[in-house]
Structures are given as structure tokens and as C-alpha cells.
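What follows is a short report on a single structure.
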Amino acid sequence: MGIDMNRDRLSEILGATYLPDEIEKKIPLIEEINRLKKEKNAVILGHNYMTPDVFHGVSDIMGDSLYLSKMAAETNAEIILFNGVHFMAETAKILSPNKKVLIGDLKAGCSLAESITAKDVLHLKKLHPGAPVITYVNCSAEVKAETDICCTSANAVKIVNSVESDTVIFLPDEYLASNVQKHTTKKLITHPGRCMVHEIYQKSDIDQARKQFEELVVISHPECNSDVVSASDFSGSTSEMAGFIEKSSAENIMLITECSMGDNLRSSFPKKHFVSTCQTCPHMKKITLEKVRDALFYEQYEINLSEDIISRGKKSVNRMLEISYGKK
Ligand code: 13P
Ligand code: SF4
Numbered sequence: 068m069g070i071d072m073n074r075d076r077l078s079e080i081l082g083a084t085y086l087p088d089e090i091e092k093k094i095p096l097i098e099e100i101n102r103l104k105k106e107k108n109a110v111i112l113g114h115n116y117m118t119p120d121v122f123h124g125v126s127d128i129m130g131d132s133l134y135l136s137k138m139a140a141e142t143n144a145e146i147i148l149f150n151g152v153h154f155m156a157e158t159a160k161i162l163s164p165n166k167k168v169l170i171g172d173l174k175a176g177c178s179l180a181e182s183i184t185a186k187d188v189l190h191l192k193k194l195h196p197g198a199p200v201i202t203y204v205n206c207s208a209e210v211k212a213e214t215d216i217c218c219t220s221a222n223a224v225k226i227v228n229s230v231e232s233d234t235v236i237f238l239p240d241e242y243l244a245s246n247v248q249k250h251t252t253k254k255l256i257t258h259p260g261r262c263m264v265h266e267i268y269q270k271s272d273i274d275q276a277r278k279q280f281e282e283l284v285v286i287s288h289p290e291c292n293s294d295v296v297s298a299s300d301f302s303g304s305t306s307e308m309a310g311f312i313e314k315s316s317a318e319n320i321m322l323i324t325e326c327s328m329g330d331n332l333r334s335s336f337p338k339k340h341f342v343s344t345c346q347t348c349p350h351m352k353k354i355t356l357e358k359v360r361d362a363l364f365y366e367q368y369e370i371n372l373s374e375d376i377i378s379r380g381k382k383s384v385n386r387m388l389e390i391s392y393g394k395k
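Sequential numbering of the sequence shown, starting at 68, is according to this note's numbering.
Structure representation (C-alpha cells):
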């Protein structure tokens with residue numbers, strides 16, 4: 068299996084989400100994918116929002132956007148299959164241009180990435196000359212090419228505070244910007260992009276759940292609005308949320324993020340009770356086991372970027388990795 072795991076253990080993990088009949092159908096497909104992966108010297112990266120069959124069954128490296136970017140730069144495999152969304156696969160291509168980078172469905176997009184174009188960035192640069200552009204990795208390769216430094220939800224505050232300028236163009240998530248603004252004295256110029264999953268949550272969802280469940284620990288993603296984040300006990304990237312849960316003794320946990328994250332954590336922490344607040348990302352959900360198998364079998368769909376976009380995009384992604392990990 069993705070991580071060295073036998074059939075029984077995998078069935079146990081998947082049992083937290085799927086019925087026994089469903090698991091029986093999934094296991095042969097999972098085994099085929101893992102066979103193909105070895106034959107083709109491929110590595111599968113899996114974002115925390117993948118469904119448990121894809122996440123636990125076939126992913127070699129799992130994590131948040133920042134960690135997966137780092138690992139995409141370090142892998143020795145000939146093929147990288149990115150189980151996540153299009154901008155993530157593009158980031159992998161920027162960092163590993165000589166490798167074949169695949170994604171199971173080219174339509175696995177992102178409302179944030181779609182909210183901004185390279186032209187918008189150029190326009191903002193003209194309006195605010197001299198202000199550095201810091202862009203969330205949830206954007207196209209063309210936007211990364213016009214960016215000074217990328218960031219993710221795990222390092223946004225650190226990246227913003229690392230620049231000298233007092234004014235920063237921070238794109239494209241207006242909610243992430245408002246959450247970062249609380250931790251910096253710099254003036255952030257923003258853009259009206261939003262994550263279609265996290266923008267749905269409201270503070271009243273938390274107030275209601277706190278009335279219902281005793282000693283509820285609420286954990287939210289910083290793509291939520293600032294009222295939601297302020298009413299939460301912890302807010303962080305998908306991997307930071309998982310890390311917080313690992314260290315916490317809390318029994319009742321309300322996860323304010325994409326649905327599959329809760330499913331994956333339920334398997335990892337069977338003794339904890341996850342209060343379900345299920346909002347699914349239709350883009351992430353385009354990646355299914357069947358498409359992962361086809362992606363490896365037919366070596367589709369390949370991410371191709373021009374040399375110019377790769378070399379300019381690489382600067383902004385590498386600057387982020389340098390600031391986060393102290394190396395390229
Ligand atoms: P992170 O994994 O960086 O927290 O990103 C969340 C997200 O929405 C990616 O689509
Ligand atoms: Fe984009 Fe939100 Fe889906 Fe992540 S969860 S891919 S930010 S729409």
C-alpha cells in the first residue's frame with residue numbers, strides 16, 4: 068500500500084469511512100495502483116483533502132501544500148503523480164521540470180486559483196509600485212511567474228514579515244489576508260478571492276456546536292473568515308491542524324475544513340470524536356482511485372509548462388522554501 072501496510076491494516080483504516088463491500092471493491096484497485104507505481108518508478112503525493120482510499124491506500128507522501136511542494140523538489144522518482152489539484156501539480160512541475168508530472172483530472176481546479184490572472188497581478192503592481200507581491204500557492208503557474216514570493220497557509224505570516232517593505236500585495240485570498248493581517252504591522256493590499264469550501268463556514272456554526280458538545284475544541288483553516296478563526300481554539304494549515312490534534316488531549320473536536328480531512332483523521336485517531344461539518348471541495352473530489360489508476364497506466368494527464376514560466380515561477384516558490392526551510 069502507499070505507506071507499508073498490509074491488507075488487514077488497510078481494511079481497518081478504510082473501515083472508518085467505507086462499508087465492507089466498498090472496501091472489497093477498492094482493495095484490488097489499490098493493489099494495482101501500487102504495482103504500477105513500482106513498475107514505473109513513480110511517486111504519489113497525496114494532499115490531506117484526498118478521500119481515504121486515495122490518501123491512505125496509494126499515497127507515498129502525504130501532507131499540506133507546503134510539505135508536498137518541498138517533497139516534490141526532493142524526489143528521485145521518474146514520475147510524480149499529484150493527487151491534489153491542478154495548481155499543486157503545476158508547483159511540482161516548476162520544482163521538478165525534468166520529471167513527468169501527472170494529475171488524474173485536469174479539471175481539478177481551485178476557486179482561489181481561478182480568481183486571479185497574471186494580468187491582474189501586473190495591474191496591482193502598477194497601482195502599488197515597489198510593493199512586493201506575495202501570492203498564496205493556490206494560483207496558476209503564470210501568476211507565480213509574476214510573484215516575488217509564494218506562501219502557503221503554514222508560512223504566510225512568516226513570509227509577510229520576512230520582507231522589508233511596509234506595504235505588501237498579498238494575493239488572492241481575502242480571508243487568509245485578513246487572518247495574516249492580525250499578525251503583522253505591514254499593510255496588506257488584497258484581492259477578492261475566496262476558497263469556495265471555507266467561505267461557507269460562519270461563527271454561528273461554532274456557537275451552535277459549542278452549546279451542543281461539552282469541552283469542544285474547534286480547529287479551523289485560515290481560509291475561513293476572521294470571525295470563524297477568532298472563535299476557534301486553533302487555526303493552521305491542514306498538516307498543522309493534524310499536528311495540533313495529535314498533541315491535544317481533547318476528545319470532541321470540531322474540524323472546520325474540507326470533509327475528507329475529517330475522514331482521514333478519524334482513521335488515525337479512532338478514540339477521538341470528530342464533530343462533522345462536512346463541506347466537500349468539488350475539485351479535490353475529482354481525483355478518484357479509478358482516475359489515479361488510469362493516470363499511471365496511460366501516463367496521463369501530463370503537466371507541461373513553458374521554460375520561461377518554469378524559470379520565473381521557480382524563483383517565487385524557491386524563495387518561499389528558502390524562508391521556510393532555510394534551503395532551496
Ligand atoms: P494547506 O494544505 O496548505 O493547508 O491548503 C489547504 C487547501 O485548501 C489546499 O487546497
Ligand atoms: Fe481551492 Fe478551497 Fe478546494 Fe483548496 S479546498 S482546492 S482552496 S477550492
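Cβ coordinates follow ideal geometry from the N, Cα and C atoms, glycine included.
Reduced DSSP category for residue i - H, G, I as helix; E, B as strand; rest coil
{"i": "Asp-240", "result": "strand"}
{"i": "Glu-145", "result": "coil"}
{"i": "Asn-115", "result": "coil"}
{"i": "Lys-167", "result": "strand"}
{"i": "Gly-176", "result": "coil"}
{"i": "Thr-305", "result": "helix"}
{"i": "Met-129", "result": "strand"}
{"i": "Gln-346", "result": "strand"}
{"i": "Ile-354", "result": "coil"}
{"i": "Asn-205", "result": "coil"}
{"i": "Ile-216", "result": "strand"}
{"i": "Asn-108", "result": "coil"}
{"i": "Val-235", "result": "strand"}
{"i": "Asn-101", "result": "helix"}
{"i": "Asn-150", "result": "strand"}
{"i": "Val-200", "result": "strand"}
{"i": "Pro-95", "result": "helix"}
{"i": "Asp-300", "result": "coil"}
{"i": "Glu-366", "result": "coil"}
{"i": "Glu-290", "result": "coil"}
{"i": "Gln-269", "result": "coil"}
Residue i: first and last residue of the uninterrupted beta strand (DSSP E) it sits in
{"i": "Ile-370", "result": "Where Ile-370 is concerned, there is no enclosing beta strand (DSSP E), given that its DSSP letter is neither H nor E."}
{"i": "Thr-158", "result": "Run containing Thr-158: none in the beta strand (DSSP E); it sits in the alpha helix (DSSP H), 153-162."}
{"i": "Phe-341", "result": "340-342"}
{"i": "Ile-320", "result": "319-323"}
{"i": "Ser-287", "result": "283-287"}
Rounded distance between the beta-carbons of residue j and residue i, thought under 8 Å
{"i": "Ile-286", "j": "Met-308", "result": "5 Å"}
{"i": "Asn-331", "j": "Asn-115", "result": "7 Å"}
{"i": "Glu-325", "j": "Lys-339", "result": "So it is not a contact: roughly 18 Å between Cβ atoms."}
{"i": "Pro-239", "j": "Tyr-203", "result": "6 Å"}
{"i": "Ala-198", "j": "Thr-234", "result": "4 Å"}
{"i": "Glu-141", "j": "Ala-208", "result": "Incorrect: roughly 20 Å between the Cβ atoms, too far for contact."}
{"i": "Leu-322", "j": "Phe-336", "result": "About 11 Å separates the two Cβ atoms, so there is no contact after all."}
{"i": "Ser-306", "j": "Gly-130", "result": "5 Å"}
Residue i - containing alpha helix (DSSP H), residue span
{"i": "Met-387", "result": "374-392"}
{"i": "Ile-80", "result": "74-81"}
{"i": "Asn-15", "result": "Outside the shown range of the chain (68 to 395) lies residue 15, about which nothing can therefore be said."}
{"i": "Leu-189", "result": "185-194"}
Determine contact between the region 120-130 and the region 377-388, defined as no fewer than three beta-carbon pairs at a distance below 8 Å.
-> no
Specify whether the region 164-173 and the region 188-199 touch according to this definition: at least 3 beta carbon pairs, one from each stretch, less than 8 Å apart.
-> no
Given 8 Å as the limit, is there contact between the region 254-262 and the region 294-308, that is, 3 or more CB pairs closer than that?
-> no
Whole beta strand (DSSP E) runs in the region 241-267 with 3 or more residues, listed along the chain?
-> 254-256
With a cut-off of 8 Å, do at least 3 Cβ pairs link the region 160-169 to the region 355-370?
-> yes
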